[in-house]
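Sequence order for the protein chains is A and B. The numbering of the first sequence is the working numbering, which starts it at 317 and goes up by one. The numbering of the second sequence is the working numbering, which starts it at 105 and goes up by one. All C-beta atoms in this analysis are idealised placements derived from N, C-alpha and C, irrespective of residue type, glycine included. Since this is a predicted model, take the numbers as computed values, not measurements.
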Amino acid sequence: MSAAQSHLEVLPRSLQVLLALGFIALAAFPFVGSDFYASMVARMMILAIFAMSLDLLQGVTGLVSLGHAAFFGVGGYMLSMVSSDSAAVSLWWTLPVALLASGLFALVIGFFVVRTRGIYFIMVTMAFAQMLFYLVFDNKDLEVLGTSLRLGGSDGMYINFKPDAGLFDLEDRKVFYFFTLACLVLVYAFLRRLLWSPFGRVLAGIRVNEHRMRALGYGTFGYKLAAFTLAGALAGLAGYLWGAQTGFVNPELMGFHMSAHAIMMVILGGMGNFAGAIIGAFAFEYLLHLFKDLPDIGDFRVGKHWQLWMGLFIVLVVAFAPRGLLGAVERILRRKPGAGDA
Amino acid sequence: MPEVLLSARNLTKRFGGLAAVHDVSLDLWRGAIHAVIGPNGAGKSTLTNLLSGDLPPTTGSIHLREAEVTGRSPERISRAGLGRSYQKTNIFLPFTVWENVRLAAQSRAQHPLRWLRRATSFKATNEQAERAIELAGLAERRNAVAGTISHGEQRQLEIAMTLATAPQVLLLDEPLAGMGTSEAERMVELLQRLKQAHAIMLVEHDMDAVFALAEQLTVMVNGQVIASGTPEQVRGDAGVQAAYLGEEEL
């Protein structure tokens, strides 16, 4: 089976229709669902942006990063650091600053890590993320070049106001929801376009056979670094939205679990096409709540062990639907119309 | 006076105590095929890897079109005008034949400002890929997935990808290996045609092909050159006959 198929790089018409329906459902949701569920869905959308940013590395370029949450965290922390306790800050400069900062962190870290491959890449990305995690965890304030940076330490920091967008009011839950949805759609459209651009084709070539790419004259280091930086900046966007939505950032945002969850989302949904990452993020969050709310059986606290059920579920998906949930759906949709003529 | 496109001087590559390539010098001229032959383990592939930048030489120097490229990365040597094929087929198996060659051609394209356009919409790149596919005789297989075509076709694809990068110097590591008779004949014809515009180094075991194609012949044994010259000179060399005794009929 070709990678184009196994990665569903080309989304069949049936899946495109399904995604369009999903978009309509998301757009309609705040009008039918309660505020509580609307903010839960907004959270899923934020995680979907985060998962898509990782998919650019993991599914497209073949770089499995176990430290991607570092850039998610940098985005959130940038918002908290530039926020004031008494008034809202403007979205229009804080969002670009958060994107630039997370992109810059990714550029510097990427400069060191994209030289490595496979297991080494996994380990060094994790190591860098842990360094950032403990930098924040251990320091309430940090002296940098004579100025004191507020980091909040292990307690984290509150963000009292949502960013001020001027034209629309992000404090309004519905407005925030639609702003997040707009970000999701824009990032998806951008990444899908990138996937089929010359740059995207080079990244796919690196995943399949980096050695050959170099023999053809591609400076693969530069391409991988560019992908790593872009993925970091987009993760920063997700982190920024997360900070704005929850009004709170803590070191866990950069933590190992956050990075690992992102990997699981991408695998769960199906790698290398960005649509799978969205489905994976939604499915992961949904299952997480489902498993956490499982009723106890006698003395056994079933819900408390949600990680166990999640792990089992992902093992089952990998075993029976190696292309993820998106691949499984594609197979079902493909089989239906052809069932008669087989 | 023929134009020397690649010139290697006193190349040595040591792996620990073993000299896989020892003090090898050779020149590649435009319009000529320089065949490198020798028994398995003679260091032919290592020599190819040294010239292409896949391995850095321990000592010695390499000049490509007058520029020193010793120790440079494979991508820089490729961009300096050297293309190579691999002994073990080294292609993008999951991609179509067309995408393999298009990606190779794209490596030479200049379009930094239009990087969000569809990769397949660049006319110059497409034409370059198309020419390479035609030249390698793969036009009918362009939409097939590279992993599903025959071994011989994969060897042709190797050549097509290399040609799509518009190289001046070609290093071909056993392009005929594992090919059927008719496929091999086609490949020999192709090499005959490519010779006009390129400087070619051909590592090959098929002696019929070597003697049909090569202007220059270098014989390696145990990492060293034991004879070098025109095919006629080498054929008469006593040392070569000794080295090849029982190996292959020269």
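Distance check for residue j and residue i, CA to CA, integer angstroms please.
i	j	result
A:W409	A:L532	41 angstroms
B:V344	B:F199	43 angstroms
A:V524	B:N194	11 angstroms
B:R169	B:T116	21 angstroms
B:R180	A:L416	31 angstroms
A:M368	A:A635	23 angstroms
A:L541	A:G434	16 angstroms
B:L261	A:H577	41 angstroms
A:V429	A:M574	19 angstroms
B:L298	B:L321	18 angstroms
A:F378	A:F444	For clarity, residue 378 of chain A is Gly in the given sequence; the question names Phe instead. So the two alpha carbons sit approximately 19 angstroms from each other.
A:A655	A:S330	Confidence is the limiting factor: at A:A655 the pLDDT is only 48, short of 50, which leaves the residue's position unreliable, though a coordinate-based value still follows. Answer to the nearest angstrom: the Cα atoms are 16 angstroms apart.
A:A446	A:A422	First, the amino acid is wrong: residue 446 of chain A is Gln here, not Ala. In a straight line, the C-alpha of A:Q446 is about 14 angstroms away from that of A:A422.
A:I583	B:W219	28 angstroms
A:R530	A:S470	44 angstroms
B:N247	B:F196	14 angstroms
A:T496	B:G251	42 angstroms
A:F537	A:L370	18 angstroms
B:Q214	B:K227	12 angstroms
B:D277	A:A385	45 angstroms
B:L267	B:W202	13 angstroms
A:R650	A:A644	10 angstroms
Going by the beta-carbon positions, is the gap between residue i and residue j smaller than 9 angstroms?
i	j	result
A:L569	A:G419	no
A:V380	A:F437	yes
B:L274	B:M311	no
B:G121	B:M324	no
A:L372	A:F590	yes
A:Y602	A:M360	yes
A:G392	A:V565	yes
B:R134	B:A270	no
B:V140	B:V338	no
B:S211	B:R176	no
A:L324	A:G535	no
A:G563	A:K490	no
A:F600	A:W625	no
A:N476	A:L467	no
A:Q561	A:I362	yes
A:V357	A:F366	no
B:Q296	B:L280	no
How far does the alpha helix (DSSP H) with residue i in it reach, from first residue to last?
i	result
A:F310	Look at the range of chain A in this structure, 317 to 658, and you will see that residue 310 of chain A is not part of it.
A:D351	351 to 371
A:V260	Limits of chain A in this structure are 317 at one end and 658 at the other, which puts residue 260 of chain A out of reach.
B:R134	Careful: B:R134 lies outside any alpha helix (DSSP H) and carries neither H nor E.
B:T152	148 to 156
A:V424	407 to 429
B:D312	311 to 317
B:I330	It is not in any alpha helix (DSSP H) - B:I330 instead sits in the beta strand (DSSP E) that spans 328 to 333.
A:I595	591 to 608
A:S330	329 to 348
B:A208	201 to 210
A:V618	Per DSSP, A:V618 belongs to no alpha helix (DSSP H) and is neither H nor E.
B:K227	227 to 239
A:G521	514 to 531
B:G45	Outside the modelled stretch of chain B, which goes from 105 to 354, sits residue 45 of chain B, for which no answer is possible.
B:Q345	342 to 348
B:R297	285 to 298
A:L584	572 to 585
Looking only at DSSP bridge pairs, what is residue i linked to?
i	result
B:F119	B:L122
A:F564	A:Y474
A:M442	According to DSSP, A:M442 bridges with nothing at all.
B:Q320	B:H138
A:S464	A:E459
B:A303	B:A136, B:V273
A:D480	A:S406
B:R113	B:S165
B:S177	None, per the DSSP bridge assignment.
A:E646	Beta-bridge pairing links A:E646 to no other residue.
B:V108	B:W133
Over the uninterrupted beta strand (DSSP E) stretch that includes residue i, give me the two end residues.
i	result
B:G185	Per DSSP, B:G185 belongs to no beta strand (DSSP E) and is neither H nor E.
B:H167	163 to 168
B:L275	273 to 277
Segment contact flag, the region 228 to 248 of chain B with the region 549 to 568 of chain A, C-beta cutoff 8 angstroms, min 3 pairs: no
Segment contact, 8 angstroms Cβ cut-off, at least three pairs: the region 238 to 258 of chain B with the region 287 to 305 of chain B: yes
At least 3 beta-carbon pairs within less than 8 angstroms: the region 146 to 161 of chain B vs the region 317 to 332 of chain B: yes
The region 454 to 469 of chain A in contact with the region 595 to 610 of chain A per 3-pair CB rule at 8 angstroms: Cβ pair count under 8 angstroms is below three, so no.
Contact the region 499 to 519 of chain A vs the region 202 to 211 of chain B: 3+ CB pairs below 8 angstroms: yes
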